[in-house]
Structures are given as C-alpha cells and as structure tokens.
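Undergrad: Using mature numbering (1 follows the signal peptide of the UniProt record, and there is no 0), the letters of the sequence shown map in sequence onto residues -24 to -1, 1 to 297.
Beta carbons are placed, not taken as given, at the ideal position from N, Cα and C, and that holds for glycine.
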Amino acid sequence: MAFSECSNLVLLLQVVLLVSLTSASRELGKSSDSSQEALAFQYHNGPLLTGEISINLIWYGKFKPSQRAIVTDFIASISSSRPQKGSAQPSVAKWWKATEKYYHLANSKKSSSLTLSLGTQILEENYPLGKSLSDKQIMQLASKGGQKNAINVVLTAADVAVEGFCSSKCGTHGSSSSAKKINGKNTKFAYIWVGNSETQCPGQCAWPFHQPIYGPQNPPLIAPNGDVGLDGMVINLAGLLAGTATNPFGNGYFQGPKEAPLEAASACAGVYGKGAYPGYAGDLLLDSATGASYNALGVNGRKYLLPALFDLSTSACSTLV
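1) Taking three-plus beta-carbon pairs below 8 Å as touching, is the region 224 to 244 in contact with the region 281 to 295?
2) By the 10 Å Cβ neighbour count, where 16 or more other Cβ atoms means buried, how is E174 classified, buried or exposed?
3) Is there a Cβ from chain C that is less than 8 Å from the Cβ of G208?
4) Grab me the residues of V204's own chain with a C-beta within less than 7 Å of its C-beta, minus the 5 sequence neighbours each way, in chain order.
5) Determine the DSSP secondary structure at F17, reduced to helix, strand or coil.
6) Looking only at DSSP bridge pairs, what is S93 linked to?
7) Restricting to Cα atoms, I'd like to know which of V247, Y256, P41 and A268 is closest to Q193.
8) Nearest by alpha-carbon distance to I127: which of S108, E101 and K164 is it?
9) Any idea if Q123 is buried or exposed, counting beta-carbon neighbours within 10 angstroms, 16 or more meaning buried?
10) Could you check which residue in S151, I114, N125 and A118 has the C-alpha nearest to that of V138?
11) Give me, in chain order, the residues of the same chain whose beta-carbon lies closer than 6 Å to that of L99; leave out the 5 immediate sequence neighbours on both sides.
12) Tell me where the alpha helix (DSSP H) around N212 begins and ends.
13) Would you tell me roughly how many angstroms separate the C-alpha atoms of L213 and V130, rounded to the nearest one?
14) So, for W72: in the same chain, excluding its five sequence neighbours on each side, which residues have a beta-carbon less than 7 Å away from its beta-carbon?
15) Considering Cα atoms alone, identify which of N223, R44 and P195 is closest to L94.
16) Where does K161 land, buried or exposed, given buried means 16+ other C-beta within 10 angstroms?
17) Going by DSSP in three states, G277 sits in which element: helix, strand or coil?
18) Per DSSP, which residues does D259 bridge with? Please list them.
19) Out of curiosity, what's the CA-to-CA distance linking G37 and P188?
20) Secondary structure at S152, three-state DSSP: helix, strand or coil?
21) Quick one: what does DSSP say G140 is sitting in, helix, strand or coil?
22) Closer than 7 Å by C-beta to S294: which residues in its own chain qualify, once you throw out the five before and the five after it? Chain order, please.
23) To the nearest angstrom, report how far apart S291 and A82 are at their CA atoms.
24) Compute the distance between the beta-carbons of N271 and L261, then report whether it is under 8 Å.
25) Report buried or exposed for D207, applying the criterion of at least 16 other Cβ atoms within 10 angstroms of its Cβ.
26) Quick one: what's Q231 bridged to in DSSP?
27) Report the three-state DSSP secondary structure of D111 (helix, strand or coil).
28) Where does Y78 sit, in a helix, a strand or coil, going by DSSP?
29) Starting from C181, trace the alpha helix (DSSP H) in both directions and tell me its first and last residue.
30) Considering only residues of the same chain and omitting the five flanking positions on each side of G228, which have a CB-CB separation below 6 Å?
31) Do F50 and V210 have their C-beta atoms closer together than 8 Å?
32) Taking the alpha-carbon of P297 as reference, which of G27, V68 and P254 has the nearest alpha-carbon?
33) Assign residue 345 to one of three DSSP states: helix, strand, or coil.
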C-alpha cells in the first residue's frame, strides 16, 4: 500500500474549495490548520522503522550534480552532530528529533531509536522506462536499492510524468515485499517517490516557492538553495520521511482512514512557521544575503524549509520557528 504526500497541493485547494488534503501523500481530506480542533492521532500497534537505516537514492532522469547535492546534504543533515553556524538557529537534526516522541510512546517498555544515513545512489539518466511512469514502475525502480535496513527513494526529473503527479499527489511512500527472504522470513522494505514539479506543477508541489495556481496570489518566497524544483522536492521528501519512519507499513501512527491517513507531517500541511494559515507559510527566517526563506540549517552551509510535524504531547503542529 502506498500513501501520497500533497500537503501544499491540498492546502491550496483548501483555500478555493474549502477542502484539504490527507495522508502521507498529497490528497484531499480534512483541514490541517494547526489552530483547529486537536487531531486524534492513534498508534495502530504496527512496527516503526528502527535501528540503522540507509537512505538509498534512485535518480531517474537528468539531475545536475548541484541538484543532487541539495538532497544528499539534506539527508546528511538529519543525523549531523556538527555545530551549525549561527547555532542559535534551528537545524535539520533538531527538526528530525521531533519524531523521537513517536518512538518513546510506541516503545514505552523498551528503548528504540532510528538512525538515518545516506546509502547508495543509483543514476538512471537515460530513462530506461520512458518518461511516463506508472505506480508499478515506481515500485520497480524502488526495488533497485538495497532492501535490508533501508528506505529506497525514487526521485524523478522535471521532464518525467508519473501517474497521479500534480493532479492528486506530489510524492508517495509505501512498502513492498523484498525480493529475498531474510533469516528465512518474508520481509518488506519501505520506499518513497518524489517528483520534481519545476515545469509541471510548481504552483501545487513547490509552493511556497512558486505562486499557487489557486487562492491569493501572494509573491512566492525565494528558495533557500536557489532551485524551486529541488527545494520543493526537499519539502515533500522531508514530510514523506517522517511518515515513513512513523507509519512505514500502514499500521503505525496516523489519523483518519488507513487508506488516506494523516501522518506526522501531512497532518500539518502548509505549516512551516508560527502564524501559518492557508496561503501563508508562517513567520520564517530570512537569509540576509539572498532574501531566501528557511527554517532550518543543514551541513555545508545549507538552508532548508521543512514542514511542521504533529506533536503527540500537545496534539498540535510543532514548528522550528
């Protein structure tokens, strides 16, 4: 089963259609405005991802090395313990630390933790499956990565169309049966897909770095790494990673129906800073040199905009700034 991530997409539709999105994908569901009634998050007794997990990247289509570095630096930032410049400002690692509450509550009798690191990278630059992919083909690409202690992430280039992309989702996460048994048992591996929406639907999947296709036409924010498509991909990837860790197999933490759940990040769709509301990302930090908006520092001097995560202890969306 796969879940999609469309927090921005649904947020924008919410402005016009008075509906909002659901789940780990970006689809339509209940409002995620943090000022509204507390969400009834539940733990459904399934396993969370634990231990040392590698994030393997399958790049489908043409990406510049500078674009790939935006994503790999983000992943490296999740577990980075190196001091950040301007250490008073929040970091990517601090943002990810918010997921630990899910683990503490799920494993009250024993400690469990998750450590993410960058694994292998596979370049599929020649479009071996063409430029129009089905969900089944996305899963086929995801299976190219290692399937033990791993999350396989498929990233499709701006000229690749994917089933449901832009119309109902900006990315998905799910799980599939591993090709080989581990210790004689059938196992599953987790995977994620995120598309580059730069030319297909930046107003839906790269907001707030592009004007929305619906709603108030406020000026877009400046992308912190100077690439609307890739900075938008990081937003979606971040939310899907949080959903994958805390609901990898559809029976972890979520609110609402299993087929279209609200998860750790998708429950807070469109919220990035305090004071956020539909069409406004919230009060963010500004880069004095470029004017770019961000809320987290990463390795190699990177700045990122990351989605708010649902805080189980307060039943509200928690932002870094």
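TA: This is what the structure gives:
1) With the cut-off at 8 Å, the region 224 to 244 and the region 281 to 295 touch.
2) Around the CB of E174, 16 or more other CB atoms lie within 10 Å, so the residue is classed as buried.
3) The chain inventory of the structure shown lacks chain C, comprising one protein chain alone.
4) Only E174, P178, A182, F185 and H186 meet the Cβ criterion.
5) In this structure, F17 counts as coil in the three-state DSSP scheme.
6) DSSP output for S93 lists S30 as bridge partner(s).
7) Closest by alpha carbon: Y256.
8) Restricting attention to S108, E101 and K164, the CA atom closest to the CA of I127 is found in K164.
9) With 16 or more Cβ atoms within 10 Å of its Cβ, Q123 is classed as buried.
10) The shortest Cα separation from V138 among S151, I114, N125 and A118 belongs to I114.
11) When the five nearest sequence neighbours on each side are left out, the beta carbons in the same chain lying within less than 6 Å of the beta carbon of L99 are those of W35, in order along the chain.
12) Here the alpha helix (DSSP H) through N212 covers V204 to T222.
13) Roughly 10 Å between the two C-alpha positions.
14) Shown here for W72: same chain residues with a beta carbon closer than 7 Å to its own, the five before and five after excluded, namely I54 in chain order.
15) Checking every option, the nearest Cα to that of L94 belongs to R44.
16) K161 is exposed by the Cβ-count criterion.
17) Helix at G277.
18) D259 pairs with K250.
19) Rounded to whole angstroms, G37 to P188 spans 26 Å at the Cα level.
20) For S152, the three-state secondary structure derived from DSSP is strand.
21) Coil at G140, not helix or strand.
22) The answer, listed in chain order, is A74, A284, L285 and D287.
23) S291 and A82 have their C-alpha atoms roughly 16 Å apart.
24) If you check the CB distance, N271 and L261 come in under 8 Å.
25) Counting Cβ neighbours within 10 Å, D207 comes out buried, since at least 16 surround it.
26) Paired residues: L238.
27) Look at D111 here: in three-state DSSP terms it is helix.
28) In this structure, DSSP gives Y78 a helical state, which the three-state scheme calls helix.
29) Where C181 is concerned, the enclosing alpha helix (DSSP H) stretches over P178 to C181.
30) Take G228, set aside five residues on each side of it, and the residues of its chain with a beta-carbon closer than 6 Å to its own are G22, L24 and T222, in chain order.
31) For the 8 Å CB-CB criterion, F50 and V210 form a contact.
32) Residue identity differs from the one stated: residue 297 is Val in this sequence, not Pro. Looking at the Cα atoms, V68 is the closest of the given residues.
33) As shown, the chain starts at -24 and ends at 297. That puts residue 345 outside it, with no answer to give.
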